[in-house]
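Reviewing the structure listed below.
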Amino acid sequence: MNTRTFKTGDIILIVGIVAIAVLFLVWNNYRAASGQQLKALITQDGHLIKEINLSDLQASESINIDEPVKQVILAEKGRIRFLSSDCPNQTCVKTGWLERPGAKAVCIPSKVVITIVGDNEQIDTFSY
Amino acid sequence: MKKVIWALVLLSLPVFSSACNTVQSKPVKSTDFALGTIIEQQVYGANAQKASDEVWAQIKERDALWTINSPGGDINKLNNNAGLGYVELNPETISILREARRISDLSGGAAFDITVAPLVKAWGIGTDNPRVPSADAVQELVSLVNYRDVLIDEKNGSASLLKKGQMVDLGGIAKGYIGDRAIDIYKSNGITSAFINLGGNVAALGSKPDGSPWTVGIQNPRGENSDIVGVVEVVDKAVVTSGDYQRYFIKDGQRYCHIFDPGTGYPMDSGLMSVTIIASSSTDADGLAKVIVLGLDRGMEMVKNYGRAEAIFITNDKKIYVTPGLKGKFRLEDATHEYTYIQNG
Amino acid sequence: MNKKKREAIIIILICNAILISLLELIIPVPIPIPGVKLGLANIITIIAIAFLDLKDVLTIVILRCLVVGVLSKGITALPFSLSGGLLSALVMWLVYKKTAGLFSVKGISIIGAITHNAAQLIVASVILRETVVLYYLPILLISAVITGLITGTISELTVKEIKKRGILSKFIR
Chain A
3 MNTRTFKTGD IILIVGIVAI AVLFLVWNNY RAASGQQLKA LITQDGHLIK
53 EINLSDLQAS ESINIDEPVK QVILAEKGRI RFLSSDCPNQ TCVKTGWLER
103 PGAKAVCIPS KVVITIVGDN EQIDTFSY
Chain B
4 MKKVIWALVL LSLPVFSSAC NTVQSKPVKS TDFALGTIIE QQVYGANAQK
54 ASDEVWAQIK ERDALWTINS PGGDINKLNN NAGLGYVELN PETISILREA
104 RRISDLSGGA AFDITVAPLV KAWGIGTDNP RVPSADAVQE LVSLVNYRDV
154 LIDEKNGSAS LLKKGQMVDL GGIAKGYIGD RAIDIYKSNG ITSAFINLGG
204 NVAALGSKPD GSPWTVGIQN PRGENSDIVG VVEVVDKAVV TSGDYQRYFI
254 KDGQRYCHIF DPGTGYPMDS GLMSVTIIAS SSTDADGLAK VIVLGLDRGM
304 EMVKNYGRAE AIFITNDKKI YVTPGLKGKF RLEDATHEYT YIQNG
Chain C
515 MNKKKREAII IILICNAILI SLLELIIPVP IPIPGVKLGL ANIITIIAIA
565 FLDLKDVLTI VILRCLVVGV LSKGITALPF SLSGGLLSAL VMWLVYKKTA
615 GLFSVKGISI IGAITHNAAQ LIVASVILRE TVVLYYLPIL LISAVITGLI
665 TGTISELTVK EIKKRGILSK FIR
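Protein chains in written order, with our numbering: chain A, 3 to 130; chain B, 4 to 348; chain C, 515 to 687.
Right, here's the structure in full:
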């Protein structure tokens, strides 16, 4: 194969797409850089089922999901992951650890999404 | 080659942007335990360390002076001499007693009264041994509750309690009062950006260093610690919440909280779970938050009569009533989706 | 007669597409994102686009998705493979027919891969009721370029070879 088989449109396309991808990576990184406190949001079917402050977590914590498939989510200080899942393709488990704001792990069969958010516009203090 | 350079430039952007973030001045943060609660300071500026140290020193001093059980403290002296005549007190104690009187006057003692201490003691809420006293006992103790019986002799710097058995407890005002004093100390040190949080009573000076308002989370009255129902943004304001959830006990299915209705002698049961007051003075906010005893309608009316405060009332049926002045400053942030926001008035 | 041959070719392509799809399941995907895969069946789609009508192309895609769905991933995966397969086939067909000569088969294949992945992420967002598109976009784009190049190169060679030998055109055109 020699490169002459590429046409002008191909080159523009590839360069353009890589540029867009890099820009988005930069943007994702930028958002990630500004958060100090990490919080994990676990949603199922669009509803928040658990919110964990990862930065303040001392011991590891596991969250069990029973329906519609059995899953175990493990949270540790500063990171979280799907530990095991009874779903067929294991995409969620293979995603591995999430440790930066914006990172997501999703499981389509159970409709569970873990998202890490930086407590960027975090609350300064609490009145109680 | 050009493309490689571009890619490198783009990739280096996040490094620069994260470097910029660290340039911002770091606050002096400190946390300690005093006045029976957790106190936290966050102070920005050149004198931040000095200012927060001064505040800590003052808090420790006042704590010894005002805690009801501290032997040799002013409040202890005053209570032990109830019905026996005047005792000489620290000028700061005289000052807070005067403030307490002013706050009590706002509701005529219906919401706030610093002499409920005999009732607090009889019920023992918050201690290891809470109990429901007999109706007769409550009746008798209610007759001792009257903030007007705290007599202040300004000239001699002394005060007295009129009747034997009467007791003063500054628990309902000390945190608010010290919040205002802390703000004074910050200001005298040239600080323009700081807050102090005394067990949930927040007093904020100025705005954040970047000019944005302080964000204060409002506790979900039925959630865990730091579960919030909403966020209020403030500049130069105190945010104080009174809630039925901080200390309570349940006996025979009845929930008894630590806030007393000075009129009945029983823990308040007004249909409100919490009241948050936003005002310039943290003392006033602390005092006004006690309108939780009066219930939604009378409470709101009192806030309106006071005129310089905004409020967030949360009722037992999880409705959040917010005064018009908080429009755009309060936002519902309720992860449980159980609360309903209602704009009041 | 011509019609019979044409149907036979469609069926052969469907069978090939199914086989390739099943074969692909054995190849592990290094990127754990819903919907991102090599997309070898894309090769068949491109061959179909080069020699057949849009209707035939879509028929091949739909039947391939249905059979592979039933045989391997189950019905829940159907919305994903169908949306990705159909949308990418449609877009590739449009690009192939309307932008004569601007892109090589490799370029068209990349466009198809991007459309395919994007469609899957959009379906995932709908099902999960959460926007997952933006976060995955960079990985999605880059992996589409890589997989598109691989399948595109194979498609290009195949299409060239088929044209040279006139295997299909003899019957169809």
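Virtual Cβ for every residue (Gly too), placed ideally from N, Cα, C.
Could you tell me whether the stretch 299-311 of chain B touches the stretch 118-131 of chain B, where touching means 3 or more Cβ pairs closer than 8 Å? no
Using DSSP with H/G/I as helix, E/B as strand and the rest coil, what is Trp-59/B? By one-based count along the second sequence, residue 59/B stands at place 56. Three-state result, Trp-59/B: helix.
Taking buried to mean at least 16 other C-beta atoms within 10 Å of its own C-beta, is Tyr-342/B buried or exposed? Numbered from 1 along the second sequence, position 339 holds the residue referred to as residue 342/B. Counting Cβ neighbours within 10 Å, Tyr-342/B comes out buried, since at least 16 surround it.
Note down, in chain order, each residue of its chain lying with its Cβ closer than 6 Å to the Cβ of Leu-208/B, except the 5 sequence neighbours on either side. Counting from 1 along the second sequence, the entry for residue 208/B is found at position 205. Closer than 6 Å at Cβ, skipping near neighbours: Ile-186, Tyr-189 and Ala-197.
Going straight from the alpha carbon of Asn-319/B to that of Ser-55/B, what length do you get? The residue you call residue 319/B lines up with position 316 of the second sequence. The residue you call residue 55/B lines up with position 52 of the second sequence. The alpha-carbon atoms of Asn-319/B and Ser-55/B are separated by roughly 38 Å.
For the beta strand (DSSP E) that Trp-1/B lies in, which residues bound it at each end? The structure shown does not extend to residue 1/B, since chain B is modelled only from 4 through 348, so no value can be given for it.
Would you mind working out which of Gly-583/C, Ile-558/C and Val-584/C sits nearest Leu-572/C, comparing C-alpha positions? To locate residue 572/C, count along the third sequence from 1; it is residue 58. Taking only the C-alpha atoms, the option nearest Leu-572/C is Ile-558/C.
Going along the chain, which residues of its own chain have a beta-carbon closer than 6 Å to the beta-carbon of Thr-279/B, five neighbours each way excluded? As a working note, residue 279/B is residue 276 in the second sequence. Answer for Thr-279/B: Ile-221, Thr-244 and Ile-315, listed in chain order.
Should Pro-103/A and Leu-59/A be called a contact, given that it needs their Cβ atoms to be closer than 8 Å? Position 101 of the first sequence holds residue 103/A. Position 57 of the first sequence holds residue 59/A. No; because the gap between Cβ atoms is not below 8 Å, this pair is not in contact.
Taking all protein chains shown into account, do 16 or more other C-beta atoms lie within 10 angstroms of the C-beta of Gly-193/B, making it buried, or fewer, making it exposed? If you number the second sequence from 1, residue 193/B lands on position 190. It is exposed - the Cβ of Gly-193/B has fewer than 16 other Cβ atoms within 10 Å.
For the stretch 51-85 of chain A, list every residue whose C-beta sits within 8 Å of some C-beta in chain B, in sequence order. Glu-53
What did DSSP end up calling Thr-25/B once you bin it into helix, strand or coil? In the second sequence, residue 25/B corresponds to position 22, counting from 1. Only weak support exists for where Thr-25/B lies, its pLDDT of 33 falling under 50; the coordinates are left without a value.
Grouping DSSP H, G and I as helix and E and B as strand, with all else coil, what is Ser-657/C? Position 143 of the third sequence holds residue 657/C. Helix at Ser-657/C.
Tell me, to the nearest whole angstrom, how far the beta carbon of Gly-598/C is from that of Gln-634/C; I am working on the premise that it is less than 8 Å. Taking the third sequence and counting its residues from 1, the one referred to as residue 598/C is at position 84. Taking the third sequence and counting its residues from 1, the one referred to as residue 634/C is at position 120. Contact flag correct, Cβ pair sits at about 5 Å.
N-terminal and C-terminal residue of the beta strand (DSSP E) that Ile-253/B is part of: Start at 1 with the first residue of the second sequence, and residue 253/B comes out as number 250. Looking at the DSSP string, the run of the beta strand (DSSP E) that includes Ile-253/B is 251-254.
Answer with yes or no whether the minimum CB distance from Asp-126/A to chain B is below 8 Å. By one-based count along the first sequence, residue 126/A stands at place 124. Yes - at least one Cβ of chain B is within 8 Å of the one on Asp-126/A.
Hey, could you find the ends of the alpha helix (DSSP H) Arg-301/B is sitting in? On the second sequence, position 298 is the one that residue 301/B refers to. Start and end: 299-309.
Near Val-26/B, what residues of its chain come up, given a Cβ to Cβ distance below 6 Å and the 5 sequence neighbours on each side ignored? Along the second sequence, one-based indexing puts residue 26/B at 23. Its pLDDT being 33, under 50, Val-26/B is placed unreliably in this model, and the value from its coordinates should be taken loosely. Counting only Cβ-Cβ distances below 6 Å, and skipping sequence neighbours, we find nothing.
Enumerate in chain order the residues of its own chain whose CB-to-CB distance from Leu-43/A is below 7 Å, with the five nearest sequence positions on each side excluded. In the first sequence, residue 43/A corresponds to position 41, counting from 1. Leu-50, Glu-53, Thr-117 and Val-119, listed in sequence order.
Only counting the same chain, and skipping five residues up and downstream in sequence, which positions put a Cβ closer than 8 Å to that of Ala-292/B? As a working note, residue 292/B is residue 289 in the second sequence. These residues qualify, in order along the chain: Val-243, Thr-244, Ser-245, Val-278, Thr-279 and Ile-280.
Taking 8 Å as the threshold, find out whether the stretch 263-271 of chain B comes into contact with the stretch 140-148 of chain B through three or more Cβ pairs. Yes, since at least three Cβ pairs between the stretch 263-271 of chain B and the stretch 140-148 of chain B fall closer than 8 Å, the two stretches touch.
Any beta carbon of chain B sitting closer than 8 Å to that of Ser-129/A? Numbered from 1 along the first sequence, position 127 holds the residue referred to as residue 129/A. For Ser-129/A, the nearest beta carbon of chain B is closer than 8 Å to its own beta carbon.
Look up Val-18/B in the DSSP assignment and say whether it is helix, strand or coil. On the second sequence, position 15 is the one that residue 18/B refers to. With a pLDDT of 37 at Val-18/B, under the threshold of 50, the modelled position of this residue cannot be trusted; read the value that follows with caution. The answer is helix: DSSP assigns Val-18/B an H, G or I state.
Is DSSP giving Leu-154/B helix, strand or coil here? Along the second sequence, read from residue 1 onward, the residue named residue 154/B stands at position 151. Reduced to three states, the DSSP call for Leu-154/B is strand.
Return the chain-ordered list of same chain residues with a C-beta closer than 8 Å to the C-beta of Val-219/B, the five sequence neighbours on each side being excluded. One-based indexing of the second sequence puts residue 219/B at position 216. The answer, listed in chain order, is Val-205, Ala-207, Val-234, Val-235, Glu-236, Val-237 and Val-242.
Would you identify the three-state DSSP class for Met-3/A, choosing helix, strand or coil? Residue mapping note: residue 3/A aligns to position 1 of the first sequence, counting from 1. No answer about Met-3/A holds up, because its pLDDT of 43 lies below 50 and its placement is not dependable.
Straight-line CA distance for Ile-181/B to Glu-101/A? The count along the second sequence starts at 1 and reaches residue 181/B at position 178. The count along the first sequence starts at 1 and reaches residue 101/A at position 99. About 41 Å.
Which residues share a DSSP beta bridge with Pro-121/B? Here residue 121/B corresponds to residue number 118 of the second sequence, with the count starting at 1. DSSP output for Pro-121/B lists no bridge partner at all.
Three or more C-beta pairs below 8 Å linking the stretch 612-623 of chain C and the stretch 54-74 of chain A: no
Host alpha helix (DSSP H) of Ile-65/A (start-end): Against the first sequence, residue 65/A aligns to sequence position 63. Careful: Ile-65/A lies outside any alpha helix (DSSP H), inside the beta strand (DSSP E) at 63-67.
Going by beta carbon distance, what residues of the same chain come within less than 6 Å of Asn-24/B, once the five residues before and after it are set aside? Mapped onto the second sequence, residue 24/B falls at position 21. Because the pLDDT of Asn-24/B is 34, which lies under 50, any placement of that residue in the model is unreliable, and the number read from its coordinates should be weighed accordingly. Here the set comprises nothing.
If distances are taken between C-alpha atoms only, which option among Gly-203/B, Ile-253/B, Pro-30/B and Lys-32/B comes closest to Met-231/B? Position 228 of the second sequence, counting from 1, holds the residue named residue 231/B. Per the sequence shown, the amino acid found at residue 231/B is Ile instead of Met. Selected option, being the one with the closest Cα: Gly-203/B.
Output the distance between the C-alpha atoms of His-340/B and Thr-45/A, rounded to the nearest integer angstrom. The residue you call residue 340/B lines up with position 337 of the second sequence. The residue you call residue 45/A lines up with position 43 of the first sequence. Computed Cα separation, rounded: 14 Å.
Looking at the unbroken beta strand (DSSP E) that takes in Lys-106/A, where does it start and where does it end? By 1-based counting over the first sequence, the position of residue 106/A is 104. From DSSP, the beta strand (DSSP E) with Lys-106/A extends over 106-109.
Chain C residues whose Cβ lies nearer than 8 Å to that of Leu-100/A: Residue numbering aside, residue 100/A sits at position 98 when the first sequence is read from its first letter. The premise fails here: Leu-100/A is roughly 11 Å from chain C at the closest Cβ pair, so nothing lies under 8 Å.
To which residues of the same chain is Met-170/B closer than 6 Å at the C-beta, ignoring the five residues directly before and after it? Reading the second sequence from its first residue, position 167 is the one you call residue 170/B. Closer than 6 Å at Cβ, skipping near neighbours: Asn-82, Ala-120 and Pro-121.
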